[in-house]
Amino acid sequence: MTAVPRNKTQNYATPYPQEHTEPMIELHLTGILGTKITVHVKDEDEMLRVMRQYGRRGWTSGEIPAGGLILPLSMADTFDWSLIGAREFTNSEGEKSVYHKGQVYKRRELEEVDTKKLKLPRIVKYSRGARPTDPEHLKEGEESVRYVTLITFRGNGRALEAFQNPEKVAEQQQNQNP
Amino acid sequence: MTAVPRNKTQNYATPYPQEHTEPMIELHLTGILGTKITVHVKDEDEMLRVMRQYGRRGWTSGEIPAGGLILPLSMADTFDWSLIGAREFTNSEGEKSVYHKGQVYKRRELEEVDTKKLKLPRIVKYSRGARPTDPEHLKEGEESVRYVTLITFRGNGRALEAFQNPEKVAEQQQNQNP
Amino acid sequence: MTAVPRNKTQNYATPYPQEHTEPMIELHLTGILGTKITVHVKDEDEMLRVMRQYGRRGWTSGEIPAGGLILPLSMADTFDWSLIGAREFTNSEGEKSVYHKGQVYKRRELEEVDTKKLKLPRIVKYSRGARPTDPEHLKEGEESVRYVTLITFRGNGRALEAFQNPEKVAEQQQNQNP
Amino acid sequence: MTAVPRNKTQNYATPYPQEHTEPMIELHLTGILGTKITVHVKDEDEMLRVMRQYGRRGWTSGEIPAGGLILPLSMADTFDWSLIGAREFTNSEGEKSVYHKGQVYKRRELEEVDTKKLKLPRIVKYSRGARPTDPEHLKEGEESVRYVTLITFRGNGRALEAFQNPEKVAEQQQNQNP
Amino acid sequence: MTAVPRNKTQNYATPYPQEHTEPMIELHLTGILGTKITVHVKDEDEMLRVMRQYGRRGWTSGEIPAGGLILPLSMADTFDWSLIGAREFTNSEGEKSVYHKGQVYKRRELEEVDTKKLKLPRIVKYSRGARPTDPEHLKEGEESVRYVTLITFRGNGRALEAFQNPEKVAEQQQNQNP
Numbered sequence: 001m002t003a004v005p006r007n008k009t010q011n012y013a014t015p016y017p018q019e020h021t022e023p024m025i026e027l028h029l030t031g032i033l034g035t036k037i038t039v040h041v042k043d044e045d046e047m048l049r050v051m052r053q054y055g056r057r058g059w060t061s062g063e064i065p066a067g068g069l070i071l072p073l074s075m076a077d078t079f080d081w082s083l084i085g086a087r088e089f090t091n092s093e094g095e096k097s098v099y100h101k102g103q104v105y106k107r108r109e110l111e112e113v114d115t116k117k118l119k120l121p122r123i124v125k126y127s128r129g130a131r132p133t134d135p136e137h138l139k140e141g142e143e144s145v146r147y148v149t150l151i152t153f154r155g156n157g158r159a160l161e162a163f164q165n166p167e168k169v170a171e172q173q174q175n176q177n178p
Numbered sequence: 001m002t003a004v005p006r007n008k009t010q011n012y013a014t015p016y017p018q019e020h021t022e023p024m025i026e027l028h029l030t031g032i033l034g035t036k037i038t039v040h041v042k043d044e045d046e047m048l049r050v051m052r053q054y055g056r057r058g059w060t061s062g063e064i065p066a067g068g069l070i071l072p073l074s075m076a077d078t079f080d081w082s083l084i085g086a087r088e089f090t091n092s093e094g095e096k097s098v099y100h101k102g103q104v105y106k107r108r109e110l111e112e113v114d115t116k117k118l119k120l121p122r123i124v125k126y127s128r129g130a131r132p133t134d135p136e137h138l139k140e141g142e143e144s145v146r147y148v149t150l151i152t153f154r155g156n157g158r159a160l161e162a163f164q165n166p167e168k169v170a171e172q173q174q175n176q177n178p
Numbered sequence: 001m002t003a004v005p006r007n008k009t010q011n012y013a014t015p016y017p018q019e020h021t022e023p024m025i026e027l028h029l030t031g032i033l034g035t036k037i038t039v040h041v042k043d044e045d046e047m048l049r050v051m052r053q054y055g056r057r058g059w060t061s062g063e064i065p066a067g068g069l070i071l072p073l074s075m076a077d078t079f080d081w082s083l084i085g086a087r088e089f090t091n092s093e094g095e096k097s098v099y100h101k102g103q104v105y106k107r108r109e110l111e112e113v114d115t116k117k118l119k120l121p122r123i124v125k126y127s128r129g130a131r132p133t134d135p136e137h138l139k140e141g142e143e144s145v146r147y148v149t150l151i152t153f154r155g156n157g158r159a160l161e162a163f164q165n166p167e168k169v170a171e172q173q174q175n176q177n178p
Numbered sequence: 001m002t003a004v005p006r007n008k009t010q011n012y013a014t015p016y017p018q019e020h021t022e023p024m025i026e027l028h029l030t031g032i033l034g035t036k037i038t039v040h041v042k043d044e045d046e047m048l049r050v051m052r053q054y055g056r057r058g059w060t061s062g063e064i065p066a067g068g069l070i071l072p073l074s075m076a077d078t079f080d081w082s083l084i085g086a087r088e089f090t091n092s093e094g095e096k097s098v099y100h101k102g103q104v105y106k107r108r109e110l111e112e113v114d115t116k117k118l119k120l121p122r123i124v125k126y127s128r129g130a131r132p133t134d135p136e137h138l139k140e141g142e143e144s145v146r147y148v149t150l151i152t153f154r155g156n157g158r159a160l161e162a163f164q165n166p167e168k169v170a171e172q173q174q175n176q177n178p
Numbered sequence: 001m002t003a004v005p006r007n008k009t010q011n012y013a014t015p016y017p018q019e020h021t022e023p024m025i026e027l028h029l030t031g032i033l034g035t036k037i038t039v040h041v042k043d044e045d046e047m048l049r050v051m052r053q054y055g056r057r058g059w060t061s062g063e064i065p066a067g068g069l070i071l072p073l074s075m076a077d078t079f080d081w082s083l084i085g086a087r088e089f090t091n092s093e094g095e096k097s098v099y100h101k102g103q104v105y106k107r108r109e110l111e112e113v114d115t116k117k118l119k120l121p122r123i124v125k126y127s128r129g130a131r132p133t134d135p136e137h138l139k140e141g142e143e144s145v146r147y148v149t150l151i152t153f154r155g156n157g158r159a160l161e162a163f164q165n166p167e168k169v170a171e172q173q174q175n176q177n178p
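Residue numbers (UniProt numbering), protein chains in the order written: chain A, 1 to 178; chain B, 1 to 178; chain C, 1 to 178; chain D, 1 to 178; chain E, 1 to 178.
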């Protein structure tokens, strides 16, 4: 695995520079019946608000890329799932899970390894077992244990503010500064 | 199979919050000749009305995802098929069937199993035998019995009001409160 | 093969209910060089007129679905081929053929079989031999005789008036009422 | 191979009937970095002018269909390559070639065969050797000599005026009427 | 490998002729969550500015074609990576690298070979090892060493001014004229 260089995602962070943003953006969305629509928003703030609003009812924009999304590790607990039409819940065994487009993904945490022999960074990912109807190139892992990844949180990049859930951020800060 | 957690689809339900909805939505549709068009509607109410109007003549919006749609079990008898360009009928053997984009899907009911050994929830699905021209990743089941699923009704989620057929809902309520 | 129930396609027929039709429709077209354009039309009547006008020069809208289009048998002699950018002709052996996107499809008629042992409905289809560049899932038939279907006319559905060629309909009626 | 009937492409020819053409057309283009844009033009004349203008800088509209484009043989020397974002040149061995989306296609001429035993029409095509990154269904020929076709000029159809290079047409006419 | 003829990409160069450019262009973009939007710009200058502005935050327009982008060798050190949503960095081993859509591509330089036996031009490319989730047709090389190419700089074409980073061009010129 190629190591992700420190701060690489930093420049992708918000706040968005508004001075050059175009007055109209068309946002393309897909509903839970497969319905395809386009909505017109006036700027990126409104785009994010509409993504959240529709996302809470399962609408998505575009496709999750093969191999899953990649975001900085610092967002593992504050990512706003509604932006991708997903929804967090805790399953009956108490495992943190996410519901996205009819599928359930479970949280897995790969702890940091820092020995003389091996150095591996901490990674948090949400994945599920592969299904027969998954396209072949989405399936990862060995033949006996195939899985599909929704999102991987890794690397030292700064959190992308626009993609965070403000309530979770506040909660996190309160926990850190009691 | 991963169990679907109770109430998971609840938040996707209508009524739609109108306060943030954009004034114009473009709905993308495909006709029975493959024709691709976009129609402009003023809000989600009009979007659903236009989907039903076109859907009754076989128009669809977007694609049915691989593995089929997933809706709460409580909608198995009240789903409005016109929203996906489909049409219910009873075949010559008296089986409940749905006609969608040139194909016939039959209703199958998997009853609840609740014994000490095995617990399986009730599921209603509409599926058909696989055809040679079906893309490989749509086909489910063993090599000898391959099939394609249009829709699965499962889980304890609340019915999504906007996707129901009002006449069927009324009929259902009348049967329950005679 | 699943039998197509009587009258199943009936509801897809014109005339189109105009009362709910949106004032603007965008029609997406592909030219014979692969060119992609979108044209704006004011209603479905204009949409069909523009589809015919462009279709006579080989433009198409959307894709022919895998397995080919399916229309009622009653349209086998009156379908307006310009709606899908196709063109009828009789080849040098006197066979009815259709030219569509660089390929020639020949008409095949499967006559009705109605014996004690076997009941098969009459079917008219336009197909061609498969080519190496056809995507695998479009190819039907045995390994030795692979073919690709453009359109199948089958079932007792009523003719879809909007998709017929008025001249052919008039000709047909004149032949039936001499 | 199915013979291409005489005059089959004749009806696709220009001049375009202007009376029914819509006032606005959106042309969808892809740049050499993969960039996707849509430009608005007022009619088909402007569409063709914009296609040439962008095409000279490598922009394309839509995709070349699998198996390549098919145009009448009479256009083999007058086709305007800018319409598909391509560019003619003569390589260092003096072979007529075309540069299209990062690939070089060479001209091959299959002369007419007209003997008692065999009748084959004259064909001009531009093709290149297949590459590992070509999708499987684009590759033609035997396992040992796989190739990809950009365009085939064949059949007796009349030249499509709108797709010709006016300078080449003038040059051709001067050569024929000295 | 087919040699790229001298100056072949020359005509694709800027400055863009403004006289025929349409007043409105719609630019289609994809965000790092997969989000699909369309923004309206008034001309190609604004299009490039918006591509850079969004690209710095990881937005891309369209897809990298299979086999990767191809640009003239003269741009290997001055290409503006923000135009494709990529970002340059030097990894911990001091290797020049590029970050694009969650993947890291390393710079490889194939020096010119000019002996009696063999003539190979200088090539600069950015590639990475193939991953299981890469679609098969993107993978190049032998079974044991599969890789995916983002971009290849090769051939004697003139640099495309519009796609360069002005700061790097200035820096390069300063180095050449001290």
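All C-beta atoms in this analysis are idealised placements derived from N, C-alpha and C, irrespective of residue type, glycine included.
Buried or exposed (CB count within 10 angstroms, at least 16 for buried), residue i
i: Q164 of chain C; result: buried
i: M51 of chain D; result: buried
i: E142 of chain B; result: exposed
i: T38 of chain C; result: buried
i: S144 of chain D; result: exposed
i: L110 of chain D; result: exposed
i: E44 of chain E; result: buried
i: residue 206 of chain A; result: There is simply no residue 206 of chain A to check, as chain A begins at 1 and stops at 178 in what is shown.
Inter-residue spacing [alpha-carbon to alpha-carbon] between residue i and residue j
i: I151 of chain B; j: W81 of chain B; result: 11 Å
i: R154 of chain A; j: R122 of chain A; result: 7 Å
i: G102 of chain A; j: R108 of chain A; result: 20 Å
i: P135 of chain D; j: H137 of chain E; result: 6 Å
i: K36 of chain E; j: L29 of chain A; result: 8 Å
i: A162 of chain C; j: L48 of chain E; result: 45 Å
i: residue 180 of chain C; j: T149 of chain C; result: With chain C running from 1 to 178 in the structure shown, residue 180 of chain C is simply not present.
i: G31 of chain C; j: E140 of chain C; result: 27 Å
i: E93 of chain B; j: R131 of chain B; result: 22 Å
i: I25 of chain C; j: E46 of chain C; result: 9 Å
i: N156 of chain C; j: G67 of chain D; result: 37 Å
i: Q174 of chain E; j: G34 of chain D; result: 31 Å
Same chain, Cβ closer than 8 Å to residue i, neighbours up to 5 away in sequence not counted
i: T78 of chain A; result: A159, Q164, N165, K168, V169, Q172
i: K96 of chain A; result: E88, T90, K106, R107
i: A76 of chain C; result: V124, F153
i: Q176 of chain A; result: none
i: T21 of chain D; result: Low confidence applies here, because T21 of chain D scores a pLDDT of 43, under 50, leaving its location unreliable and the question unanswered by this model.
Below-8 Å beta-carbon distance, residue i vs any chain C residue
i: F153 of chain D; result: no
i: K101 of chain B; result: yes
Chain E within 8 Å of residue i, Cβ atoms only
i: V39 of chain D; result: yes
i: P135 of chain D; result: yes
i: K36 of chain D; result: yes
i: P72 of chain D; result: no
Cutoff 8 Å: residue i Cβ touching any chain A Cβ
i: Q149 of chain E; result: The residue asked about is misnamed: residue 149 of chain E is Thr in this sequence, not Gln. Not an interface residue.
Sequence-distant residues of its chain with Cβ nearer than 7 Å to residue i (five each side left out)
i: P113 of chain B; result: A small fix is needed here, since residue 113 of chain B is Val in this sequence, not Pro. For V113 of chain B, where only same-chain residues beyond five positions count, the Cβ hits under 7 Å are K119, L120.
i: R56 of chain C; result: S82
i: A86 of chain B; result: V98, Y99, H100
Same chain only: Cβ atoms within 6 Å of residue i, ignoring 5 sequence neighbours per side
i: Y126 of chain C; result: V98, Y105, R107, L150, I151
Any C-beta of chain D under 8 Å from that of residue i
i: Q164 of chain C; result: no
i: T30 of chain C; result: yes
Minimum Cβ-Cβ distance from residue i to chain B less than 8 Å
i: A66 of chain C; result: yes
i: L110 of chain A; result: no
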